[in-house]
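Participant:
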Amino acid sequence: MIDDLWYKNSVFYCLSVGTYMDANGDGIGDFKGLLRRLDYLQGLGITAIWLMPFQPSPGKDDGYDISDYYGVDPRYGTLGDFVEFTHGCRQRGIRVIIDLVVNHTSDTHPWFREARSSPDSEYRDWYVWADKKPANAGTGMVFPGVQKSTWSRDKEAKAWYFHRFYDFQPDLNTSNPRVQAEILKIMGFWIQLGVSGFRMDAVPFVIATKGAKVRTPVEQYDMLRAFREFLQWRQGNAIILAEANVLPETDMEYFGDDGDRMQMMFNFHVNQHLFYALASADSRSLAKALKATKPRPASAQWGLFLRNHDELDLGRLTKAQRDVVFRNFGPDKNMQLYGRGIRRRLAPMLGGDRRRLELAYSLMCTLPGTPVIRYGDEIGMGDNLALPERNCARTPMQWSTEPHAGFTESDKPCSAIIDKGPYGFEHVNVAKQRRDPGSMLNWTERIIRMRKEVPEIGWGDFRVIATRDPAVLIIRYDWRNNSALFVHNLDERPREVSFAAGLPGDTGKLLVNLLSEDHSQANERDQHRLVIEGYGYRWYRVGGLDYLLKRSDIDTKAGGNAAHPA
Ligand code: GLC
Ligand code: CA
Numbered sequence: 019m020i021d022d023l024w025y026k027n028s029v030f031y032c033l034s035v036g037t038y039m040d041a042n043g044d045g046i047g048d049f050k051g052l053l054r055r056l057d058y059l060q061g062l063g064i065t066a067i068w069l070m071p072f073q074p075s076p077g078k079d080d081g082y083d084i085s086d087y088y089g090v091d092p093r094y095g096t097l098g099d100f101v102e103f104t105h106g107c108r109q110r111g112i113r114v115i116i117d118l119v120v121n122h123t124s125d126t127h128p129w130f131r132e133a134r135s136s137p138d139s140e141y142r143d144w145y146v147w148a149d150k151k152p153a154n155a156g157t158g159m160v161f162p163g164v165q166k167s168t169w170s171r172d173k174e175a176k177a178w179y180f181h182r183f184y185d186f187q188p189d190l191n192t193s194n195p196r197v198q199a200e201i202l203k204i205m206g207f208w209i210q211l212g213v214s215g216f217r218m219d220a221v222p223f224v225i226a227t228k229g230a231k232v233r234t235p236v237e238q239y240d241m242l243r244a245f246r247e248f249l250q251w252r253q254g255n256a257i258i259l260a261e262a263n264v265l266p267e268t269d270m271e272y273f274g275d276d277g278d279r280m281q282m283m284f285n286f287h288v289n290q291h292l293f294y295a296l297a298s299a300d301s302r303s304l305a306k307a308l309k310a311t312k313p314r315p316a317s318a319q320w321g322l323f324l325r326n327h328d329e330l331d332l333g334r335l336t337k338a339q340r341d342v343v344f345r346n347f348g349p350d351k352n353m354q355l356y357g358r359g360i361r362r363r364l365a366p367m368l369g370g371d372r373r374r375l376e377l378a379y380s381l382m383c384t385l386p387g388t389p390v391i392r393y394g395d396e397i398g399m400g401d402n403l404a405l406p407e408r409n410c411a412r413t414p415m416q417w418s419t420e421p422h423a424g425f426t427e428s429d430k431p432c433s434a435i436i437d438k439g440p441y442g443f444e445h446v447n448v449a450k451q452r453r454d455p456g457s458m459l460n461w462t463e464r465i466i467r468m469r470k471e472v473p474e475i476g477w478g479d480f481r482v483i484a485t486r487d488p489a490v491l492i493i494r495y496d497w498r499n500n501s502a503l504f505v506h507n508l509d510e511r512p513r514e515v516s517f518a519a520g521l522p523g524d525t526g527k528l529l530v531n532l533l534s535e536d537h538s539q540a541n542e543r544d545q546h547r548l549v550i551e552g553y554g555y556r557w558y559r560v561g562g563l564d565y566l567l568k569r570s571d572i573d574t575k576a577g578g579n580a581a582h583p584a
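If you're matching positions, the sequence shown starts at 19 in this note's numbering and goes up one per residue.
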């Protein structure tokens, strides 16, 4: 069981092939280049790659506009190169999950071309049409400010088509059984080529009812079970990681009450409150968010992330909270996007402050779930705000001080490489950080190793331990007769805290620090007292280092939540 549910104690790394490494010198990253970097990724310690879309595409939404679900965009290589890549990953113990972008296709997809050609086309009903402009065409845009409408008129079809995203991304009619069957076929195809699952794009929209007459879309959650069943019949331990930015109340609809729907979801709720906590040095709303997203089936898992390839969406915070995050991390209009988020990379948001970066990473690694790292964040890469919308945080990986950061030999890289300022590739690159024992890269590698050695985080039950100081967050995990405890100081000033580990008997008296020699022994009243530096963090094993000897095969009363109802 513990080995089959590999995603429960794993470290994900998200990258796009086009900006990773260019082996054939045409300026665009490719699978051959990526293959040559697998040893780097293995060294970093990540256990799964989330590969962004690489299928043939006009590339108007960075590949999220697919024109052929069964191929590889020729700029990135061939299907043969793809299989070499998944094989190379398997040899190194790295799993691959790929994006499954089936809410919409590109408008250049042959299905859409067919569909628009005639009302009698067998593909007509694969998309969502209306004869007249629907009344609600001006609502529900995902990219407000850039996208004007959710319905556009197609001249050839002489009809209006629905698009939740950009107008070149017509929505598939996902209620059509033929479309559903095709989605399964797409999954089956890539599973056969060596992937371990999918990051499913825009899930709430995929399962929503769509059409001119739909006032309030209704989610058809049963579809999720159908996707999952098919996948697991084909390959038992394959997973779907859902991109669903939804309210905590609906989480269980996505996971399924019996854990029979999505294995993983990104925790957008915690993500926003985490940034608020970092900006305000107040952990209370984060603690609330952790509690609100706590209910989930034992086999389900959260994907915990800081930044991804999209904007940091702050839409679920109150206006006052959002303003605090904007003020601290993205004060200029140019850093903000779609009226709800920040488009910058992590390092510049945190002022390049190493202490704050470590704090943020330490939190990502120790909050309930599986961490998902964005490529380049392990070396503290920056952004290029001169690029439009979300492209600012999608610049090529910075490998070395060689021309174009060692990303390509071409003089025309697909996207400009950051070459100016403190985040320019001459300062921030892998080669330099490899040699420096104190670098961000080596720190990240160490923290990943440590994270993998604490499966309590991924598997265990957790509770937030109350302190009087809102700047300090303490979480304890219990799993199979063992506990681990984490302390974070969100404030720039040092803090003194006292707390009890909250376990019966003597177990909680000794806290062994996993990252330094500075352990903690409780006083006679079972209180631990510690002084923690500004932005400091502590990773402790409760009770000592003989935990592997103590670990039980099942959760017993002593350590598990049975003895400590939340
Ligand atoms: C998801 C992706 C985003 C893309 C959109 C449309 O939100 O993360 O990058 O633009 O779907 O496919
Ligand atoms: Ca290339």
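Glycine is no exception: its CB is placed at the ideal position from the N, C-alpha and C atoms. What you are looking at is a predicted structure, and each value in this text was computed from that prediction instead of being measured.
(1) Out of G476, G442, K430, L265, which has the shortest C-alpha to C-alpha gap to A307?
(2) Classify G215 as helix, strand or coil using the three-state DSSP reduction.
(3) Out of S167, F130, R217, G554, state which residue places its alpha-carbon closest to the alpha-carbon of E1.
(4) Can you find a C-beta in chain B that's less than 8 Å from the C-beta of R543?
(5) Can you give me the start and stop residues for the beta strand (DSSP E) that D275 sits inside?
(6) Within a Cβ cutoff of 6 Å, which residues of the same chain sit near G274, ignoring the five residues on either side of it in sequence?
(7) Under 7 Å from any heavy atom of ligand 2, does the C-beta of N42 make it?
(8) Whole-angstrom Cβ separation of I435 and F425, contact assumed at under 8 Å?
(9) Could you give the distance in angstroms between the alpha-carbon of D149 and the alpha-carbon of V160?
(10) Give me the Cα-Cα distance between V505 and R196, rounded to the nearest whole angstrom.
(11) According to DSSP, what are the bridge partners of V549?
(12) Using CA coordinates, which residue listed in D86, R113, D143, T413 is at the minimum distance from G215?
(13) When the Cα atoms are used, what is the spatial distance from F245 to P235?
(14) Which term fits W251, buried or exposed, when burial requires 16 or more other beta carbons within 10 angstroms of its beta carbon?
(15) Which partner residues of P389 appear in the DSSP bridge assignment?
(16) Are there 16 or more other CB atoms within 10 angstroms of the CB of T336, so buried, or fewer, so exposed?
(17) Taking 7 Å as the cut-off, does the CB of G81 come closer than this to any heavy atom belonging to ligand 2?
(18) Quick one: any contact between the region 444-464 and the region 414-421, if contact means 3 or more CB pairs under 8 Å?
(19) By the 10 Å Cβ neighbour count, where 16 or more other Cβ atoms means buried, how is H191 classified, buried or exposed?
(20) The beta strand (DSSP E) spanning F504 covers which residue range?
(21) By the DSSP assignment, the alpha helix (DSSP H) with Y565 in it spans what residues?
(22) Per DSSP, what are the beta-bridge partners of H122 in this structure?
(23) Sorry if obvious, but does the Cβ on E261 come closer than 7 Å to a heavy atom of ligand 1?
(24) Nearest-angstrom Cα distance between F323 and M468?
(25) Tell whether a beta-carbon distance below 8 Å holds between P188 and Y145.
(26) Within 7 Å: the Cβ of G47 and any heavy atom of ligand 2?
(27) Cutting at 7 Å between CB atoms, please list the residues of its own chain near G156, excluding the five before and the five after it.
(28) Determine which residues share a DSSP beta bridge with I257 and list them.
(29) Once you ignore the five residues that flank P74 on each side, which residues in its own chain have a CB closer than 6 Å to its CB?
(30) When the Cα of L375 is compared with those of V390, M458, K351, which residue comes out closest?
(31) Bridge partners of V530, per DSSP?
(32) Nearest CA to the CA of D125: which residue from F183, G111, D138?
(33) May I ask you to list the residues that DSSP assigns as paired with M282?
(34) Assuming G562 and L528 are in contact, meaning their beta carbons sit under 8 Å apart, how far apart are those beta carbons, in whole angstroms?
(35) For the beta strand (DSSP E) holding I46, just list the boundary residues, first then last.
Facilitator: Let me spell this out:
(1) Here the closest residue by C-alpha is L265.
(2) Under the three-state reduction of DSSP output, G215 falls in the strand class.
(3) Because the chain here runs from 19 to 584, residue 1 falls outside it and cannot be looked at.
(4) Judged by its chain identifiers, the structure shown contains no chain B, having just a single protein chain.
(5) Where D275 is concerned, there is no enclosing beta strand (DSSP E), given that its DSSP letter is neither H nor E.
(6) Correct list: empty, nothing qualifies.
(7) For ligand 2, at least one heavy atom lies less than 7 Å from the Cβ of N42.
(8) Rounded, the Cβ-Cβ distance is 6 Å, consistent with contact.
(9) Straight-line Cα distance between these residues: approximately 23 Å.
(10) One C-alpha to the other measures close to 51 Å.
(11) Paired residues: E514.
(12) A check of alpha carbon separations from G215 across D86, R113, D143, T413 identifies R113 as the nearest.
(13) Just so you know, the alpha carbons of F245 and P235 end up roughly 20 Å apart.
(14) Around the CB of W251, fewer than 16 other CB atoms lie within 10 Å, so the residue is classed as exposed.
(15) Answer is L322, bridged to P389.
(16) Classification for T336: exposed.
(17) Relative to ligand 2, G81 has its C-beta separated by 7 Å or more from all heavy atoms.
(18) Touching, yes.
(19) With the sequence shown as reference, residue 191 is identified as Asn, and His is not the correct amino acid for it. It counts as buried.
(20) For F504, the uninterrupted beta strand (DSSP E) segment begins and ends at 500-507.
(21) Here the alpha helix (DSSP H) through Y565 covers 565-568.
(22) Bridge partners of H122: D189.
(23) Because some heavy atom of ligand 1 lies under 7 Å away, the Cβ of E261 counts as near it: yes.
(24) The straight-line gap from Cα to Cα measures roughly 17 Å.
(25) Yes, they are a contact pair.
(26) Yes, Cβ of G47 sits closer than 7 Å to a heavy atom of ligand 2.
(27) Taking C-beta separations shorter than 7 Å and ignoring five residues to either side along the sequence, the partners of G156 in its chain run S167, following chain order.
(28) BP columns for I257 point to G215.
(29) Excluding positions up to five away in sequence, the list reads S85, D86, G89, D91.
(30) Just measuring C-alpha positions, the residue of V390, M458, K351 sitting nearest L375 is M458.
(31) Paired residue(s): R559.
(32) Measuring from the Cα of D125, the nearest candidate turns out to be F183.
(33) L259, Q319.
(34) About 6 Å separates the beta carbon of G562 from that of L528, a gap short enough to meet the 8 Å contact definition.
(35) Where I46 is concerned, there is no enclosing beta strand (DSSP E), given that its DSSP letter is neither H nor E.
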